[in-house]
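Protein sequence lines correspond, in order, to chains L and Y.
Residue numbers for the first sequence follow the working numbering, beginning at 1 and rising by one.
Residue numbers for the second sequence follow the working numbering, beginning at 97 and rising by one.
Contents: one structure, followed by commentary.
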Amino acid sequence: MKLKAKLKGDIVNAKVMMKHDMTTYNQAKKRGTKANFITYVTASVNGKIVYEVSTSQFLSKNPILKFKFKAAKGEKLVMTWKDLLGNTKTSKTKIK
Amino acid sequence: MERRKFLSLGALAAVAAVPSTLSAIDYRKEKPDTWKAHKVEPAIEKLYGKVKLIEEGVKVKTPDVAANGGAIPIDITSKIAAKSVALLQDANPESTVAVWTVPENGIVDYSLKIKMQGSGTVTAIVEGLDGKYYVARKTLQVALGGCEG
Chain L
1 MKLKAKLKGD
11 IVNAKVMMKH
21 DMTTYNQAKK
31 RGTKANFITY
41 VTASVNGKIV
51 YEVSTSQFLS
61 KNPILKFKFK
71 AAKGEKLVMT
81 WKDLLGNTKT
91 SKTKIK
Chain Y
97 MERRKFLSLG
107 ALAAVAAVPS
117 TLSAIDYRKE
127 KPDTWKAHKV
137 EPAIEKLYGK
147 VKLIEEGVKV
157 KTPDVAANGG
167 AIPIDITSKI
177 AAKSVALLQD
187 ANPESTVAVW
197 TVPENGIVDY
207 SLKIKMQGSG
217 TVTAIVEGLD
227 GKYYVARKTL
237 QVALGGCEG
């Protein structure tokens, strides 16, 4: 997971690229594999949630999310995703 | 200076006191039927119930013609104080794409890339803290469908 967060004025612009195949049910049927995609993504600063989304199989492969929130420079942004098969991944970055 | 320090400490304590799980809603668990609906209207009904949609205050930005249906950039912005935001479309087998929970004082300015099998309409709904529902729609052409992979 590539994670960037940059402070502009008093708002942080965050961008994340999550490495994931995002296999839809149709694709899985064709390939003979199991459907698997990211279902839930959260981002938090100091334990407080600043971004939260429930997602479906229709996000692109290796989905890119952009969002904005209020935080201070130097604070840590922690991002976690969960997929259909229960895998999770967490990344951290410092707000620049 | 001391007063200032004291006040900033107080502000930090107040932030820390807010329970972090306050806004955590996994819509896939809370509203499982929404994700199985094949049409936009029933998906909205399963998510929010029978609601009146007001066509104002929400902006959806997409390209008019998407060359690659596998990654169509979508921007949703709104100045409304929101509780949640939903994104739906009518080109894929199921309609719901994503549902955001907007944290307290959160900024509704979300971008993502989605897959679409063909040309269709994307619908963005903002659930306001005032209990009203605001909607914006955008129809786009897709040159090459992106769900077959």
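Glycine included, C-beta positions come from ideal geometry on N, C-alpha and C.
Enclosing beta strand (DSSP E) for residue i [first to last residue]
i	result
Ala232 of chain Y	229 to 238
Asp226 of chain Y	No beta strand (DSSP E) holds Asp226 of chain Y; DSSP gives it neither H nor E.
Ser207 of chain Y	204 to 210
Ala5 of chain L	2 to 8
Close Cβ partners of residue i (< 6 Å) along its chain, the five nearest in sequence each way excluded
i	result
Leu65 of chain L	Val16
Lys6 of chain L	Asn13, Lys96
Ala220 of chain Y	Val154, Val156, Ile172, Leu183, Ala232
Ala167 of chain Y	Lys209
Tyr40 of chain L	Ser54, Lys82
Ser207 of chain Y	Asp171
Thr217 of chain Y	Asp186, Arg233, Thr235
Tyr123 of chain Y	Val195
Per-residue burial, residue i [other beta carbons within 10 Å of its own, 16 or more giving buried]
i	result
Thr90 of chain L	exposed
Glu223 of chain Y	buried
Asn201 of chain Y	exposed
Lys125 of chain Y	exposed
Asn87 of chain L	exposed
Leu225 of chain Y	exposed
Ala43 of chain L	buried
Lys30 of chain L	exposed
Thr33 of chain L	exposed
Pro128 of chain Y	exposed
Lys146 of chain Y	exposed
Boundaries (first-last residue) of the alpha helix (DSSP H) holding residue i
i	result
Asn26 of chain L	25 to 31
Glu126 of chain Y	123 to 126
Neighbourhood of residue i by C-beta distance below 7 Å, restricted to the same chain and skipping five residues each side
i	result
Ala35 of chain L	Thr23, Thr24, Tyr25, Ala28, Gln57, Leu84
Ser191 of chain Y	Ala133, His134, Lys135, Val136, Ala139, Leu184, Gln185
Contacts around residue i, its chain only, beta-carbon distance under 8 Å, and the 5 residues preceding and following it disregarded
i	result
Thr117 of chain Y	Only weak support exists for where Thr117 of chain Y lies, its pLDDT of 44 falling under 50; the value from the coordinates is given anyway. So no residue of the chain qualifies.
Lys137 of chain L	There is no way to answer for residue 137 of chain L, as the model of chain L reaches only from 1 to 96.
Ile11 of chain L	Lys68, Phe69, Lys70
Ala239 of chain Y	Val161, Ala162, Ala163, Asn164, Gly165
Ala72 of chain L	Leu7, Ile95
Ala178 of chain Y	Val198, Gly202, Val204, Val222, Glu223, Gly224, Leu225
Can you list, in chain order, the stretches of the alpha helix (DSSP H) that have 4 or more residues and sit fully within the stretch 136 to 201 of chain Y?
136 to 144
Between the stretch 153 to 162 of chain Y and the stretch 12 to 31 of chain L, do at least 3 Cβ pairs fall closer than 8 Å?
no
Flag this pair as touching only if the stretch 141 to 155 of chain Y and the stretch 174 to 181 of chain Y have three or more C-beta atom pairs under 8 Å; answer yes or no.
yes
Restricting to runs no shorter than 3 residues, where is the beta strand (DSSP E) found entirely within the stretch 14 to 92 of chain L?
38 to 45, 48 to 55, 64 to 69, 76 to 83
Quick check: the stretch 202 to 210 of chain Y against the stretch 139 to 150 of chain Y, are there 3 or more CB pairs under 8 Å?
no
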